[in-house]
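Those letters in the sequence shown? Residues 1 to 494, by full-length UniProt numbering.
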Amino acid sequence: MATQEARLSALWAAYQRQPESLGKQVRVEQALRGVIHSHWPGGVRLPSQRRICARLGLARGTLVKALQRLIDEGLLVTGQGSGTWVCRPCQAPVTPLAEAALSPSGEAALSARARAVLASPGASSIQSGAFMPGIPDIAHFPMRKWRSLYASVTVPQNTLLLSYSTGGYGPLKRAIRDFLQRWRGIRCDTDQIIITEGAHHGIELCTLALADAGQRVLLDSPCYWGARNVFMAAGLEVETLAWHPESGYVPRTASQPVHLAYFTGSHHYPLGVPTRTADKRALCREVGASFVIEDDYEFADDGGSDLLFDPQGSAGVLVGTFSKLLFPGLRLGYLVVPRGLADPLNRLRSEVFREGRMMDQAVLAQFIDDGDLDAWNRRIRRDYLARQQVLHDRLYDLPGVRRLSAPSGTISLCLELDPEIDDVALTQRLLEAQLVVRPLSLACGRDDPRRGLVMGIGMVSGDGLRHEADRLRRALKRHLKASRRRGARHAAPR
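Shown next, in the form of structure tokens:
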């Protein structure tokens, strides 16, 4: 009984840390998911539904829906009359038909490209929680308006929206063209815009069209790890070169030719600071890259002043996504490509990936044309700026902190730490306290010793943000002091 009470208390604490702006079902889902990942091993039996509902103040129907979601995800298992248990999937028995797909050691016989991607740090299995980077505010998004737009486009005369598209939905391409002119000062033709299923899909299409396996792509260090993994999966040789906001790029020592150069846009991710066009242009001249891909990952409200991309050029591609502007599950983005590449990239997209999502594209086009995207972007940027300021004020003076990116109205902040601090271990300790961040070192190249934490502010706001920020400060202060003491002992002469 005492153990069950301890589990109930852990769940209650995790539930209290969820933003109140989320619905109760989402809050209890995220709380359960967090304690399962951090505290409850496989085989643990959950407290009874009656006790959970009484402690958390939930209706039984709300809890049942949340439990079912986690059962569907394979995190829980239940049996009639036997309660609900944490599930850790065991390895399925190998059948004769499956043996051919396994290596002699019994592991899956994956391709070299797949092994390289999976061996490098990438996406986390945890995609929610306080300060999870890369997630925008989905709690306050105007979902009622979004649902009403679906009703308006699904009328009998719009049956073509159920078919394949050719190069993307025309009204959406025109809406994106006008949006880019308003917010980025980019003047391009609709024919230069290719609709994609998110930024990763756009980068993959560019890689497929513009580079062959074995050619070299150059990325900043620290880099956006999602793009790095797309390039690795395509069989490209990935090179990283450290960029520092104050001094620019370190001297390049490699001599191999560079075919592609990849940069984040006007705002660097994950460092969370403005980029500099002069640095990017000088590096491109030095390495002689055939094509430059610029990913507008962090859509800062700066007019795109530090974008290298020129829509009139012949070697630059701009990658954009609505996953960070609106919500991740939308999975719609775009490329802006040179005029000479538009037709072959469109045809290649159709041949390899096919095209669809026409109803989603129609809804997004109407959302932009009605002015809702502009209104949402203006509102949420102001909100993000205020949230970043709350976090900045609580963290900038902690021991071991070298730099904290200035508030800018994007969804991320980067806390750079002294290089002797193990940011991977620190991230794990914070996760045990239900504080989800990402270590900066995993985005850095081998010759880049920077350490730090990448943090998001999309999932916390209001009183919940202030509470979580205070918890984060206390946890960091405790762990950073301990890390510095250990570092001092190791550095002391013997």
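No residue lacks a Cβ here, since even glycine has one placed at the ideal position from N, Cα and C.
Which residues DSSP lists as bridging residue i, in chain order
{"i": "G333", "result": "T196, T321"}
{"i": "P452", "result": "Strictly speaking, residue 452 in this sequence is Gly, with Pro absent from that position. G452 is bridged to E416."}
{"i": "P274", "result": "H267"}
{"i": "T78", "result": "T84"}
{"i": "E237", "result": "R216"}
{"i": "G248", "result": "H244"}
{"i": "Y130", "result": "Per the sequence presented here, residue 130 reads as Ala, with Tyr not at that position. In DSSP, A130 forms a bridge with L435."}
{"i": "R45", "result": "W85"}
{"i": "S221", "result": "A242"}
{"i": "G316", "result": "V292"}
Continuous alpha helix (DSSP H) stretch holding residue i: start and end
{"i": "T427", "result": "423 to 432"}
{"i": "A66", "result": "60 to 72"}
{"i": "D369", "result": "358 to 369"}
{"i": "S394", "result": "Per the sequence shown, the amino acid found at residue 394 is Arg instead of Ser. Residues 372 to 395."}
{"i": "F179", "result": "170 to 184"}
{"i": "M459", "result": "From DSSP, M459 is part of no alpha helix (DSSP H); its letter is neither H nor E."}
{"i": "L326", "result": "Neither: L326 is in no alpha helix (DSSP H) and is coded neither H nor E."}
{"i": "A151", "result": "143 to 153"}
{"i": "L110", "result": "Segment: none, L110 is in no alpha helix (DSSP H) and carries neither H nor E."}
Unbroken beta strand (DSSP E) run spanning residue i, endpoints
{"i": "Y262", "result": "260 to 264"}
{"i": "T84", "result": "83 to 86"}
{"i": "H37", "result": "Careful: H37 lies outside any beta strand (DSSP E), inside the alpha helix (DSSP H) at 24 to 38."}
{"i": "I293", "result": "291 to 295"}
{"i": "R345", "result": "In the sequence as displayed, the identity of residue 345 is Leu instead of Arg. Element bounds for L345: not the beta strand (DSSP E) but the alpha helix (DSSP H), 339 to 352."}
{"i": "V401", "result": "401 to 404"}
Neighbour-count burial assignment, residue i, 16 or more Cβ in a 10 Å radius
{"i": "K280", "result": "buried"}
{"i": "V86", "result": "buried"}
{"i": "P270", "result": "buried"}
{"i": "T275", "result": "buried"}
{"i": "P89", "result": "Reliability fails at P89, whose pLDDT of 49 lies under 50, so the model's placement of it is uncertain and the value that follows must be treated cautiously. Exposed, because fewer than 16 other Cβ atoms sit within 10 Å of the Cβ of P89."}
{"i": "T410", "result": "buried"}
{"i": "K481", "result": "exposed"}
{"i": "M132", "result": "buried"}
{"i": "Y150", "result": "exposed"}
{"i": "R17", "result": "buried"}
{"i": "D423", "result": "buried"}
{"i": "G214", "result": "exposed"}
{"i": "G371", "result": "exposed"}
{"i": "L118", "result": "exposed"}
{"i": "E351", "result": "exposed"}
{"i": "L395", "result": "buried"}
{"i": "G400", "result": "buried"}
{"i": "G42", "result": "exposed"}
{"i": "T253", "result": "exposed"}
{"i": "Q361", "result": "buried"}
{"i": "Q91", "result": "Bear in mind that a pLDDT of 40 at Q91, under 50, signals an unreliable position, so the number given afterwards is only what the model happens to contain. The residue is exposed, with fewer than 16 neighbouring Cβ atoms inside 10 Å."}
{"i": "A66", "result": "buried"}
{"i": "S483", "result": "buried"}
{"i": "P407", "result": "buried"}
{"i": "E246", "result": "exposed"}
{"i": "residue 495", "result": "Look at the range of the chain in this structure, 1 to 494, and you will see that residue 495 is not part of it."}
{"i": "S148", "result": "exposed"}
{"i": "M358", "result": "buried"}
{"i": "E29", "result": "buried"}
{"i": "Q192", "result": "buried"}
{"i": "M459", "result": "buried"}
{"i": "L430", "result": "buried"}
{"i": "E73", "result": "exposed"}
Contact test: residue i Cβ vs the ligand HEM heavy atom, cutoff 8 Å
{"i": "A300", "result": "As far as ligands go, the structure on display features none, and thus does not contain the ligand HEM."}
- Message: Count Cβ pairs between the stretch 226 to 233 and the stretch 375 to 393 that sit closer than 8 Å; are there 3 or more?
- Response: no
- Message: Is it the case that the stretch 412 to 420 contacts the stretch 333 to 346, given that we only count it when at least three CB pairs across the two stretches are under 8 Å?
- Response: no
- Three or more C-beta pairs closer than 8 Å, one from the stretch 207 to 221 and one from the stretch 239 to 257: is that the case here? yes
- Quick check: the stretch 287 to 307 against the stretch 252 to 263, are there 3 or more CB pairs under 8 Å? yes
- Task: Take every Cβ of the stretch 425 to 439, pair it with every Cβ of the stretch 449 to 468, and state whether three or more of those distances are shorter than 8 Å.
- Result: The answer is yes - the stretch 449 to 468 touches the stretch 425 to 439, with three or more Cβ pairs under 8 Å.
- Message: Could you check whether the stretch 454 to 462 touches the stretch 131 to 148, counting it as contact only if at least three pairs of C-beta atoms, one from each stretch, sit closer than 8 Å?
- Response: yes
- Message: Three Cβ pairs or more, each shorter than 8 Å: is that satisfied between the stretch 317 to 335 and the stretch 462 to 471?
- Response: no
- Message: Three or more C-beta pairs under 8 Å: does that hold for the stretch 201 to 210 against the stretch 345 to 359?
- Response: Yes: at least three Cβ pairs fall under 8 Å.
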